[in-house]
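Take any residue in the sequence shown, note its place counting from 1, add 266, and you have its number in the working numbering.
Just so it is clear, CB atoms sit at the ideal spot from N, CA and C, and this is done for glycine as well.
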Amino acid sequence: MHETTARHTDLDLLAVCVLAGEEWLMARILDYAEARGYTQYTSTLLEPWRISIAALTSALTDAISSGRNELELSPEENPADDVIATFAVHEARLHRQRGVSLTMFLGLMKYYRQSYLDLLEVSLAPAADRRRCDTYLRRFFDRLEIAFCAEWSGLAADRQVAELQDENRRMTNEKNLYLTALESHPDAIILVDEQGQVREMNPGALRLIDQPNTPGYFYYAVDPGPGPGQDAAIAQRGRPLGEIVPWLAGPLRTTQESGARISLSFCLDSDATGRYIQAILTPMLDVSRKYQGTLISLADISPFVAEYTALRREQQARQAQEQLVLQAKLEWVRTVDAMPDMVAIIDRDYKIVRANRKMADRLGLSYEEILGRHCYHLLNRREGPHDYCPHRQTLADGNTHTLELCEDTLGGHCEITTAPYCDPSGAVIGSVYIVRDINERKKGDKEKEKLQSQLLQAQKLEAVGQLAAGIAHEINTPIQFVGTNIDFMDDALQSLAACMDTIRQVTDEAPPALAARIRQGLEETDWDYLAGELPLAIAQSREGVRRVSSIVRAMKDFSHPGSKQKERRNLNEIITTTVTVARNEWKYVAEVVTELDPDLPEVLVLGNEMGQVVLNLLVNAAQAVGERIGANPEGVKGRITIRTSHDAESVTLHLADTGAGIPERARPRIFEPFYTTKEVGRGTGQGLAIAHDVIVDKHGGSIDFTTETGQGTEFVIRLPRDGQSPPVP
Numbered sequence: 267m268h269e270t271t272a273r274h275t276d277l278d279l280l281a282v283c284v285l286a287g288e289e290w291l292m293a294r295i296l297d298y299a300e301a302r303g304y305t306q307y308t309s310t311l312l313e314p315w316r317i318s319i320a321a322l323t324s325a326l327t328d329a330i331s332s333g334r335n336e337l338e339l340s341p342e343e344n345p346a347d348d349v350i351a352t353f354a355v356h357e358a359r360l361h362r363q364r365g366v367s368l369t370m371f372l373g374l375m376k377y378y379r380q381s382y383l384d385l386l387e388v389s390l391a392p393a394a395d396r397r398r399c400d401t402y403l404r405r406f407f408d409r410l411e412i413a414f415c416a417e418w419s420g421l422a423a424d425r426q427v428a429e430l431q432d433e434n435r436r437m438t439n440e441k442n443l444y445l446t447a448l449e450s451h452p453d454a455i456i457l458v459d460e461q462g463q464v465r466e467m468n469p470g471a472l473r474l475i476d477q478p479n480t481p482g483y484f485y486y487a488v489d490p491g492p493g494p495g496q497d498a499a500i501a502q503r504g505r506p507l508g509e510i511v512p513w514l515a516g517p518l519r520t521t522q523e524s525g526a527r528i529s530l531s532f533c534l535d536s537d538a539t540g541r542y543i544q545a546i547l548t549p550m551l552d553v554s555r556k557y558q559g560t561l562i563s564l565a566d567i568s569p570f571v572a573e574y575t576a577l578r579r580e581q582q583a584r585q586a587q588e589q590l591v592l593q594a595k596l597e598w599v600r601t602v603d604a605m606p607d608m609v610a611i612i613d614r615d616y617k618i619v620r621a622n623r624k625m626a627d628r629l630g631l632s633y634e635e636i637l638g639r640h641c642y643h644l645l646n647r648r649e650g651p652h653d654y655c656p657h658r659q660t661l662a663d664g665n666t667h668t669l670e671l672c673e674d675t676l677g678g679h680c681e682i683t684t685a686p687y688c689d690p691s692g693a694v695i696g697s698v699y700i701v702r703d704i705n706e707r708k709k710g711d712k713e714k715e716k717l718q719s720q721l722l723q724a725q726k727l728e729a730v731g732q733l734a735a736g737i738a739h740e741i742n743t744p745i746q747f748v749g750t751n752i753d754f755m756d757d758a759l760q761s762l763a764a765c766m767d768t769i770r771q772v773t774d775e776a777p778p779a780l781a782a783r784i785r786q787g788l789e790e791t792d793w794d795y796l797a798g799e800l801p802l803a804i805a806q807s808r809e810g811v812r813r814v815s816s817i818v819r820a821m822k823d824f825s826h827p828g829s830k831q832k833e834r835r836n837l838n839e840i841i842t843t844t845v846t847v848a849r850n851e852w853k854y855v856a857e858v859v860t861e862l863d864p865d866l867p868e869v870l871v872l873g874n875e876m877g878q879v880v881l882n883l884l885v886n887a888a889q890a891v892g893e894r895i896g897a898n899p900e901g902v903k904g905r906i907t908i909r910t911s912h913d914a915e916s917v918t919l920h921l922a923d924t925g926a927g928i929p930e931r932a933r934p935r936i937f938e939p940f941y942t943t944k945e946v947g948r949g950t951g952q953g954l955a956i957a958h959d960v961i962v963d964k965h966g967g968s969i970d971f972t973t974e975t976g977q978g979t980e981f982v983i984r985l986p987r988d989g990q991s992p993p994v995p
């Protein structure tokens, strides 16, 4: 039982192998047939070979599926009961009727057998299962060949003749069917052999070359040979195609050389009403892909060409009209795209149906991405139109409306104008939405305000300067008196001290009563205390006078109107004067440390305006430090460091503080006019704007800053030594 099951499993493997290898088997038998010369007697089509393999495989798998584990031969077997023999008899009759001899049939069958055995060799491992399959397969073909021989040998001669006659009649009928189809075909069909000589022409082809074209005439007529009696149509048989139809010689040669199917068109007449022929040349290949000739089909496509030409002309006329419309549209689009304003058409549903390039570029979107979007969502980042929407107002009253607003998506300050957009009946179906960039105008307005503010501040500073100069002058004279008197008192004190020293010496030599009175007088006047404190008081007074004089001198220098032209100045002197003048701003909140370059060269500057810049930065630094330390009951102070340096092209000023730092949101705008982070009353927002204008615009320098919230800020000013911007590297 186990052995039977194992054999059955092996045979199942054989069935799977041959079913999966049908393509391989077909290629293999074709190789054998071509190599041994059988293809010249067989079909030129691949499909009959495929069918023969499929039939053999089906007979083999049927035997396996019927449960026959062995196909060994026996003298008592009845062929009528054998499915393999039944298949073989059927195949033998078919091939015998077609005139195939037993010798030829058995010879080819040997190569079928070898093809299946080759498949086993390449598909199954060399083990017991392959040996069983090999034996089974050999017995299968043995039974086929025995059945072939039995069928052939058991047939009487008259029966064989009858079969051949029947097959000849069938083939004649089949030939007549194909010939009728060929002769009846409306297209011209020409069959040429491998040498390019004409073998067959149907009536359509004969009409093409103006020859008698009775159906069947070319095929059945007897050619009497060259001479006066030879029919002109029959004379075409065997002639090279190039002599009969010269314009097909080139395409035929291409087909013969490449083996490819060619389709092309010809115009046979040169006039406007010429005939157009479509030629299709199909190479005829046998089963071994050997070239056997060419089938040429020629169709008169003149009506189609005429119809196509008419349609083409109509289409060209329509396209020309459409091109004019398109050109007009493109010119209008180019005109709108060339406008400096953003332009869109918005319908009643607030959807954008048209937009120019300026708007697409401004929004950073393609034209297609804009269309169909709601204007309030795309242009204003809102979920609906606002109450003052000019488009809404135009839809409501059909009038033009204008609105100014600042919208980031539209580039900042803009002027929006909406005009009614109407259909042919005059009904308002939307608006023409025009957005004009007015940033430059707003910038000009701000610049005007800035200049007016700077002028006002300059006038105030001039008035304050004049007042300060007057006060300084008034203070200077009495302070000179005070200084002179302090010098006098210092000299008098020194003389008095010398006198007192003399009195002390005389006292030692005086009578006791007088000496006692002198000592009592010295004690009562507390001379020893006065002698120690008076010089200190005089020195402090002299220092106070010096400081007052320094402040007065700084105020006079700072308030001096100065020159309107640039002059060479030492930046260290400007810094020192400004620190002195602004002392009251910083002395309660910070220590000012100056690290001034002693070799700092003079620079070409507007002295007063540079002093104003340093003053603005110093006051801002003091206020930033004060903001950080707050009420400061402990008296803790911050630090302001001013440092100068230079190189070959410029001088540099660093002013750093330990204040609160600049908030991140304010950093991009600190140089804008009127922008301030301070509470009302502590700043106008002009200090840094003026500094930027003076340093960058008037001196060709640069002003930058670094800041850290809660840690402090450092401003860095670079000034060209010659008063001009250094060249860009």
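Every unbroken alpha helix (DSSP H) within the region 859–895, with a cutoff of 4 residues, ordered by chain: Those alpha helix (DSSP H) runs which fall completely within the region 859–895 and span 4+ residues are 873–895.
Would you mind reading off the limits of the alpha helix (DSSP H) that contains S332? On the sequence shown, position 66 is the one that residue 332 refers to. First-last for S332: undefined, no H or E at that position.
Kindly confirm or deny that the region 659–673 and the region 686–698 touch, where touching means at least three C-beta pairs closer than 8 Å. With contact defined as three or more Cβ pairs closer than 8 Å, the region 659–673 and the region 686–698 are in contact.
Below 8 Å, how does it come out for the region 854–867 and the region 908–917: are there three or more Cβ pairs, yes or no? Judged by Cβ distances under 8 Å, the region 854–867 makes contact with the region 908–917, as three or more pairs qualify.
Coil, strand or helix - K964 by DSSP: The count along the sequence shown starts at 1 and reaches residue 964 at position 698. In the structure shown, K964 sits in a helix (DSSP, three-state: H, G or I).
Please specify which runs of the alpha helix (DSSP H), each continuous and at least 4 residues long, are wholly inside the region 503–572, giving them in chain order. Entirely contained in the region 503–572, the alpha helix (DSSP H) runs reaching 4 residues are, in chain order, 507–510, 515–524.
Could you tell me whether the region 515–534 touches the region 573–590, using the rule of 3 or more Cβ pairs below 8 Å? No, the region 515–534 is not in contact with the region 573–590.
Given a cut-off of 7 Å on the beta-carbon distance, is the pair V619 and D627 in contact? The residue given as residue 619 occupies position 353 in the sequence shown. The residue given as residue 627 occupies position 361 in the sequence shown. Contact: no.
Where are the alpha helix (DSSP H) runs, 4 residues long or more, that stay fully inside the region 623–707, in chain order? Correct list: 623–629, 633–636, 641–646, 656–663.
Is the beta carbon of V855 sitting closer than 7 Å to the one on G892? Here residue 855 refers to the residue found at position 589 when the sequence shown is read from its first residue. Here residue 892 refers to the residue found at position 626 when the sequence shown is read from its first residue. Between V855 and G892, the C-beta spacing is below 7 Å.
Among residues of its own chain, excluding the 5 on either side of C283, which ones have a beta-carbon nearer than 6 Å to its beta-carbon? If you number the sequence shown from 1, residue 283 lands on position 17. Excluding positions up to five away in sequence, the list reads S389.
Alpha-carbon spacing of W418 relative to Y304, whole angstroms: Position 152 of the sequence shown, counting from 1, holds the residue named residue 418. Position 38 of the sequence shown, counting from 1, holds the residue named residue 304. Spanning the two alpha carbons is a distance of roughly 20 Å.
Straight-line Cα distance separating S331 from T271: Looking up residue 271 in the sequence shown gives position 5. Looking up residue 331 in the sequence shown gives position 65. Residue confidence for T271 is low, a pLDDT of 45 falling below 50, so the modelled location carries little weight and cannot support an answer.
Relative to the C-alpha of T684, which candidate in V609, I956, H451 has its C-alpha closest? Residue numbering aside, residue 684 sits at position 418 when the sequence shown is read from its first letter. Cα-wise, what sits closest to T684 is V609.
Using only the alpha-carbon positions, how far apart do L383 and E460 sit? Counted from its first residue, the sequence shown places residue 383 at position 117. Counted from its first residue, the sequence shown places residue 460 at position 194. Each residue's Cα considered, the two are about 37 Å apart.
What's the gap between the Cα of Q786 and the Cα of I752? In the sequence shown, residue 786 corresponds to position 520, counting from 1. In the sequence shown, residue 752 corresponds to position 486, counting from 1. For Q786 and I752, the gap between their C-alpha atoms comes out near 30 Å.
Can you list, in chain order, the stretches of the beta strand (DSSP E) that have 3 or more residues and sit fully within the region 750–794? Look at the region 750–794 and you find no whole run of beta strand (DSSP E) that is 3 residues long or longer.
C-alpha distance - A583 paired with E597, whole-angstrom precision: The sequence position of residue 583 within the sequence shown is 317, counting from 1. The sequence position of residue 597 within the sequence shown is 331, counting from 1. A583 and E597 have their alpha carbons spaced roughly 21 Å apart.
My guess is that L883 and F754 are in contact by the Cβ rule of under 8 Å, so how many angstroms apart are they, rounded? Taking the first residue of the sequence shown as 1, we reach residue 883 at position 617. Taking the first residue of the sequence shown as 1, we reach residue 754 at position 488. Not confirmed; about 43 Å, so no contact.
May I ask you to list the residues that DSSP assigns as paired with Q463? Here residue 463 is taken as the residue at index 197 of the sequence shown, counted from 1. Beta-bridge pairing links Q463 to P506.
Closest by C-alpha distance to R931, when choosing among R894, E670, L312, T973: As a first step, residue 931 must be located in the sequence shown, where it is residue number 665. Measuring C-alpha to C-alpha distances from R931 to each of R894, E670, L312, T973 identifies T973 as the nearest.
Do M292 and I319 have their CB atoms nearer than 7 Å? Counted from its first residue, the sequence shown places residue 292 at position 26. Counted from its first residue, the sequence shown places residue 319 at position 53. Closer than 7 Å, so yes.
Hey, how far is the Cα of I682 from the Cα of T660? Here residue 682 corresponds to residue number 416 of the sequence shown, with the count starting at 1. Here residue 660 corresponds to residue number 394 of the sequence shown, with the count starting at 1. Approximately 12 Å between the Cα atoms of the pair.
Please state whether DSSP places L457 in a helix, a strand or coil. For this step, residue 457 is matched to residue 191 along the sequence shown. Residue state, collapsed to three classes: strand.
Is H640 closer than 7 Å to K624 when the C-beta atoms are compared? Looking up residue 624 in the sequence shown gives position 358. Looking up residue 640 in the sequence shown gives position 374. With contacts defined as CB atoms closer than 7 Å, K624 and H640 fail to qualify as a contacting pair.
Can you look up F353 in the DSSP assignment and give me helix, strand or coil? Here residue 353 refers to the residue found at position 87 of the sequence shown. F353: helix per DSSP, three-state reduction.
If you drop the 5 nearest sequence neighbours on each side, which residues of the same chain put their C-beta closer than 8 Å to that of C399? Within the sequence shown, the letter at position 133 stands for residue 399. For C399, where only same-chain residues beyond five positions count, the Cβ hits under 8 Å are D276, L277, L279, L280, C283, L386, L390.
Taking D923 and G877 to be in contact with their CB atoms under 8 Å, please state how far apart those CB atoms are, rounded to whole angstroms. Numbered from its first residue, the sequence shown carries residue 923 at position 657. Numbered from its first residue, the sequence shown carries residue 877 at position 611. About 19 Å separates the two Cβ atoms, so there is no contact after all.
Cβ shell of I997 (< 8 Å), same chain only, five flanking positions each side left out: Since the displayed the chain opens at 267 and closes at 995, residue 997 lies outside it and no answer follows.
Outcome for P314 when other beta-carbon atoms lying within 10 angstroms are tallied against a minimum of 16: Taking the sequence shown and counting its residues from 1, the one referred to as residue 314 is at position 48. Under a 10 Å Cβ-count criterion, P314 is classified as exposed, with fewer than 16 other Cβ atoms of the shown protein chains found around its own Cβ.
In angstroms with no decimal places, state the Cα-to-Cα distance between P512 and H451. Position 246 of the sequence shown holds residue 512. Position 185 of the sequence shown holds residue 451. Per the coordinates, the alpha-carbon of P512 lies some 23 Å from the alpha-carbon of H451.
Pick out whichever of A454, R397, L443, F371 has its Cα sitting closest to the Cα of A413. In the sequence shown, counting from the first residue as 1, residue 413 sits at position 147. Selection A454, R397, L443, F371 evaluated against A413 yields F371 as nearest (Cα-Cα).
Have a look at A594 and I543 and give me their C-alpha separation to the nearest angstrom. Here residue 594 corresponds to residue number 328 of the sequence shown, with the count starting at 1. Here residue 543 corresponds to residue number 277 of the sequence shown, with the count starting at 1. For A594 and I543, the distance between alpha carbons rounds to 42 Å.
Short check: CB of G547 to CB of I562, under 7 Å? Along the sequence shown, one-based indexing puts residue 547 at 281. Along the sequence shown, one-based indexing puts residue 562 at 296. Here residue 547 turns out to be Leu, not Gly, going by the sequence shown. Note that the C-beta distance between L547 and I562 is below 7 Å.
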